[in-house]
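If you're matching them up, the sequences are chains A and B in order.
Numbering follows the UniProt record's numbering, in which position 950 of the first sequence is assigned residue number 950; successive positions increment by one, without gaps.
Numbering follows the UniProt record's numbering, in which position 84 of the second sequence is assigned residue number 84; successive positions increment by one, without gaps.
What follows is a set of notes on a single structure, which appears directly below.
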Amino acid sequence: MKRFRRHGTESQRDRLKQELFQFTKTVEHGFPHQPSALGYSSSLQLMAIGTRSGAIKLYGAPGVEFMGLHDENAAVTQVFFMPHQVELVTLLDDNSLHMWTLRSHKGLSELLEIGRFLLTGPPGAPPSVTRVTSVLTHSSGELLLLGTEGGHVFIVEVPGFRELEEMNISLDQITSCVPDDYVGRRNLEHVEALQENPINSNQVAIGYGRGLMVIWDLNHRCAIRHIPATQQLESMWWTENGSCILSSHSDGSYCCWTLRTGDKKEEEEKSNIPYGHFPCKAINKIVQLPTAGGPPFLLFSGGMPRASYGDRHCITVIYSKTQVAFDFTSRIIDFFVIRDGPHHTGEPSALVVLVEEELVVIDLQTEGWPVIQTPYLVPLHSSAITCSYHVSAIPLKLWERIIAAGVVQNTQYSKKLWPITGGQNLAPDPPQRDLLLTGHEDGTVRFWDASGVCLYPLYKLSTAAVFNADADLNDNMSQSAEGEWPPFRKVGCFDPYSDDPRLGIQKIHLCKYSGYLTVAGTAGQILMLELNDEAAEQTVEAKVVDLLQGQEGFRWKGHTQLDVREEPVLFPPGFQPFTVVQCQPPAVVTALNLHSEWKLVAFGTSHGFGVYDYLQKNTVLVKCTLNPSDQLAMEGPLSRVKSIKKSLRQSFRRIRRSRVSLRKHHISNTNKIQEANARLEAELAEMELAPVQRKIEARSSDDSFTGLVRILCFADTFLSDSSHNTPSLWAGTNGGTVFAYILYIPPVEHRADEALTAQPAKEIQLMHRAPVVGIVVLDGHGAPLPEPLETAHDLARSPDLLGSHHVLVISEEQFKVFTLPKLSSKMKLKLTAVDGSRVRRVGVAWFGSSRTEDYGESGLVFLTNQGDVHVLSLPHIKMQIRYPCIRREDVSGIASCVFTKQGQGFYLMSPSEFERFSLSTRYLVEPRCLVEAPLPPVFSNQHQPKLEGASSALRCTQDTEDPESAARRVMEHALLNDEKVLQEIQKSLEGDQTAFPENNVKSAVA
Amino acid sequence: MNKNHRVPSSRSLSAVEVKSKFGAEFRRFSLDRSKPGRFDEFYGLLQHVHRIPNVELLVAYADVHGDLLPINNDDNYLKAVKSANPLLRLFLQRKEEADYTTFGTDSLTRKKNTVLSAVLLRPDPNKKKPPVIISLPKDFRPVSSIIDVDILPETHRRVRLYKHGQEKPLGFYIRDGSSVRVTPQGLEKVPGIFISRLVPGGLADSTGLLAVNDEVLEVNGIEVVGKSLDQVTDMMIANSHNLIITVKPANQRNNVVRGGGGGGGAASGSSSDSGASYHGYVPQGAAATAGPTHIIQNFPVGELESDEDDEDLVIEVGGEAETIQRTTSNYSMLSLPRYEPHLNLRTTTAANSCSAFSINANGNLRGSGGSLTNTNASSTTPSPDRAKERRNLEEEGTVITL
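Pasting the structure below:
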């Protein structure tokens, strides 16, 4: 048939596809996985976070964010903004330095890598000579000082990364100026810290691991003085007035060294061990900031008594007589302090702490130093995410009620505005209000504002209060007792420890029109909740539903069901539970649906499914889908034991593989094919160790978990005959069976007292027996049926009930359209048989054309186990587009994917981050922001580095020959050509301009 | 026994002379050629004339080629009567004593002494191996076939496995591996998918068409290059009802030799340890007297995707299960005659080490009355018994060629 299809329609369709579909990964929500470095630019008001996977993320005002990724797959160990510039420098684990910039393009800024550099030592030198351990970005903005493991300091000119060899500070130069009595034969060790004198940028302090600190004059290239500390140095801080240097040490002490002018000998103030007496851990970083009229702020991380509190992650803030040790739940990566004032040199206003699992900002100006709620970088994983659910286009009323419920919960936060304000958010206001709900292992459901670039927490619902759980509700967040020493205060919300895994949330369904919410969990519990603006004390009604329906000979070996509290419980404003259904056996709930118009909730587990009428509070239908020979399903979640075994095996395999790949690295300078052969051989050898083979067998009805209910769906459609539509319930199982039931629902006036019934109507057994993962009923126009209450609220066109309905059954392997009510097969599309991929996640979305406002169509969006997203047309189930989205190895990422009704999607790219992507050309939520270069700084003091002026003078006079002549050549050429070339010339001239300073600085220095 | 040949009598046009032998006894009678009646009547007649009313019998006759063929239904009975010229020689055996190994093609004429003696005389006491009982024909159904021989390189083999909802598992495993390819740069190893294990008694094992270490190149017409082991596994399982695998056999000695009719016998004759076999479709009627014939089947890739096995079951509540009517039409494969349960098949094998054996299937297939189907097998397999058992499970349409 293809032969006869006209070309015209084909290309027209192709054009339409381009107007409808476009795949973009738009923004990453949540907290970066494994952060490893923190940087801050007070002039730009931007914060930079580097991660162990080589990503770099910049954050400013809410909505302003940039993301970059180093090509090298190495951890970012340090991030520095160039002072008063839009450039930043990153140091990676592999000792490479990278220069990034924010370049404006079409009115928006983008983060670009503009250079990389690897420090090369003299030939034959050991690698430690050039191993960078500390970096100082000089305030001139043109120099980088790189302290190395070998104790040398290399000076590099930026941008361009040109080594200024003659300026380097070698270890010999240092040792020659230090008295022998200190140096002796001892090694100074690596350069631990580099600090610039805040009032004289020609002076830098070099701190060595052994403890020695040397103040070096860059202009005269000589040491001015030295500070002979004897403890292992951890960090160094030059106070703002330039009069003191603070040093912190590995024994938990810090010292203040006063620099008296004219006197060679430094005076050490008494060494101070803040948490003294007993041995303490190192103080990793120390900062002292002055205040206008009072004592300075002193902040340091670490220094806890080793034996009693060695495991705490603390930052101590001391101001006047107040001292607080902020106690974080994960390791501290770094911290900085934001200061007030037009040049951000005033009072310390906020302490920003990056810990491994979250970002905590503490308001230092409000009494009690409360925490400021972060508008972004919120740890999604404060308890592990177990499921997610997206609701588009929330009605304003519900939105406001949810926000109001959330505000009540967040009273402990500071009222202060978010202190990081760099950049401008130019993104248009989101077209609608979207909610993302995440279910967590600890039984909470978190509501996030997913409308825009910032995934902002709105409200948190806890289901644990319904049950008699062992959880101690007010445990570790309680304030410490008076007079405790050290004065701990718990901060942060990352708390991955779940007291009872049965509380975990597995499925969520929210009706946005009625405010009814149902959540289902690991121990077969299904909670019905209703939004209430007032706190209420009520008893939650429990109902046990036996899904086995008298099937015998089985023994549930899994967890027991949760114990529902019988006494009334006080629930805060928000979603309040009124009924809990408990499945028996208490297996994890695998499918859930809510029809708020019919007031029914449908739920399924590996044993069967049921329908509960939450108005009359009784069960309408219970169906056991369990195969009598399926022992595994019966025994409960023992597979966890298996999976541990499996994961152990896999990790051994991985270790083995990494050994193989290590060996691989050493092969070099050989024929490429040989290399490939060797690699394959190594892989083969590995395979022999652990032969991986796959059984090829048709699925049979006796397979395990064939009765597991994968999907439940309500539809008002034609199930019995083609003239009367009736409410119906559809259920799909793992074994490829679809059950359809006709529901008899009494008219509204008798809804509360007449009985509801459910009658089995049809059953489809898919011959290929693949799990049914989706059921979509299409109306006479081929459009998916609207959601319950949607037409009642005039928000959707009522479905076409005249034409014939169809039901689309989506299995992991195929898409099949059946006619209704006869259920004859009409169309199908095979997926697995053709390309070996299987459907993992599926959703229906509406795609609007980017060209015309009024055209749009529905599509079926799905994600395969290969990590590809596809769109199928509806109702003809023709493949439209396909894009690789997630790595196929990222099984949890694939499993976590949710689609929105507007053709966007979210998946967990790490336990703490959602990646947002869009398949639609019309709906795109992505950061659009502009960062402008700060005004040139106004220096108030006379200690300007002379080289700066010199270089700018030279810049004007000295022009090298080469670019000039090159430009001339191009110009001549352009005369013969068009204006395109002229533009090129323009560009090349600009390029040359930026290249000039390199040469100039060199000559200036020389 | 050749002495039994007679000069055709004048009555031969209207009557069939029947000489029936049971044990050491002969009976002679005649049948009306135009009205031979039904098989069960004939069976009763035989019991009557031999006076063995309660003995279960296996009835066989020698056809014009000297082949010993079974009579167990109306079709092959009619065929036997029709082809009798003029004498119909019948050999009766007690069912419980039946020696199934004696059926075969070409055996009576070529190896008269050996084969006929196996039937007519007492079984050879020197015979080393006990005769193998071969499944009765009702168990026969196509389980596998070699297809597209003419369009594939000789080193490749495209095998079709029929699951047919039977209990027998597909029964094989696949693994990752590497194969060597010749490139302009020299030999290069490339990753590939290989058969790693055959489950004894499984479909894959019983066809003898697949072997361990065969490289899997395609699944139902789709190349597996660049696909992961899991993807290929999923593809195979998704196609398990009608699985077509193109392999590069590890053993390249049994490959089909292309180039026409008579070559097939030679090709199969050279089959050795893996016991390769292939099947062909013969236009009905043309094969009645055909000797060993090599025939190939071709399926355009588009047709490989069969809907046949994909009929979902819809159960109306309270009603009976019905298969879903398909809106798409059958394709050529489905119009091939399906196996009919009454089709009888007997195999005979020589007791000697030559072990040339043949299968003759005789049946009325799809109303083209009296077409003789001819199957031929020859083998030098070291373990003929197992190989034979395996082979007799293979059937495709009208002709089996082993």
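Glycine is no exception: its CB is placed at the ideal position from the N, C-alpha and C atoms.
Find the residues of chain B that neighbour residue i, judging by a C-beta separation of less than 9 Å, and give them in chain order.
| i | result |
| --- | --- |
| A/V834 | N220, I222, M235, A238 and E305 |
Against chain B, with Cβ distances strictly below 8 Å, would residue i count as a contact?
| i | result |
| --- | --- |
| A/A698 | yes |
| A/L766 | yes |
| A/Q693 | yes |
| A/L92 | no |
| A/S825 | yes |
| A/K460 | no |
Given a cut-off of 8 Å on the beta-carbon distance, is the pair residue i and residue j in contact?
| i | j | result |
| --- | --- | --- |
| A/V352 | A/F326 | no |
| B/V64 | B/P36 | no |
| A/P370 | A/Y319 | no |
| A/S301 | A/I332 | yes |
| A/E537 | A/L510 | no |
Work out the CA separation of residue j and residue i for me, nearest whole Å.
| i | j | result |
| --- | --- | --- |
| B/F299 | B/L243 | Because B/F299 sits at a pLDDT of 43, beneath the cut-off of 50, its placement in the model cannot be relied upon, and the following sentence gives the value as read from the coordinates. Each residue's alpha carbon lies about 13 Å from the other. |
| A/T815 | B/V247 | The sequence as given places Phe at residue 815 of chain A; Thr does not occur at that position. Distance between the alpha carbons of A/F815 and B/V247 is about 29 Å. |
| A/P821 | A/P457 | 45 Å |
| A/T921 | A/K507 | 30 Å |
| A/L662 | A/R306 | The predicted position of A/L662 is uncertain, since its pLDDT is 41 and thus under 50; a value taken from the coordinates is nonetheless stated next. Cα to Cα, the separation comes out at about 38 Å. |
| A/F66 | A/S104 | 12 Å |
| A/H793 | A/K460 | 27 Å |
| A/P290 | A/L364 | 13 Å |
| A/P496 | A/R928 | 33 Å |
| A/P568 | A/G848 | 49 Å |
| A/V581 | A/S858 | 35 Å |
| A/K557 | A/G867 | 34 Å |
| A/G242 | A/N532 | 59 Å |
| B/F357 | B/I195 | In this predicted model, B/F357 has a pLDDT of only 35, less than 50, meaning its place in the structure is not dependable enough to derive any value. |
Can you list the residues of chain B that residue i reaches, using a CB-CB cut of under 8 Å?
| i | result |
| --- | --- |
| A/K623 | Within 8 Å Cβ-Cβ: nothing; A/K623 doesn't reach chain B, min ~12 Å. |
| A/S837 | Q231 and D234 |
Show which residues of chain A have a CB atom less than 7 Å away from the CB atom of residue i.
| i | result |
| --- | --- |
| B/P184 | Within 7 Å Cβ-Cβ: nothing; B/P184 doesn't reach chain A, min ~10 Å. |
Which word fits residue i, buried or exposed, when buried means at least 16 other C-beta atoms lie within 10 angstroms of its C-beta?
| i | result |
| --- | --- |
| A/T322 | exposed |
| B/K21 | buried |
| A/F278 | exposed |
| A/I114 | exposed |
| A/M879 | exposed |
| A/A125 | exposed |
| B/S145 | buried |
| A/Y855 | exposed |
8 Å is my cut-off, CB to CB: does residue i come that close to chain A?
| i | result |
| --- | --- |
| B/F172 | yes |
| B/R28 | no |
| B/S83 | no |
| B/T246 | no |
| B/S144 | no |
| B/I315 | yes |
| B/K227 | yes |
What in chain A is Cβ-close to residue i, meaning under 8 Å?
| i | result |
| --- | --- |
| B/R181 | Per Cβ cutoff of 8 Å: no residues; B/R181 is ~11 Å from chain A at best. |
| B/R197 | Q693 |
| B/P53 | Ordered by position in chain A, no residue passes the 8 Å Cβ test against B/P53, which lies about 47 Å from the chain. |
Against residue i, what residues of chain A qualify as contacts under a CB-to-CB distance less than 9 Å, listed in chain order?
| i | result |
| --- | --- |
| B/H241 | A698, M767 and H768 |
| B/E154 | Within 9 Å Cβ-Cβ: nothing; B/E154 doesn't reach chain A, min ~26 Å. |
Starting from the beta carbon of residue i, find every residue of chain B whose beta carbon is closer than 7 Å, and list them in chain order.
| i | result |
| --- | --- |
| A/E813 | A238 |
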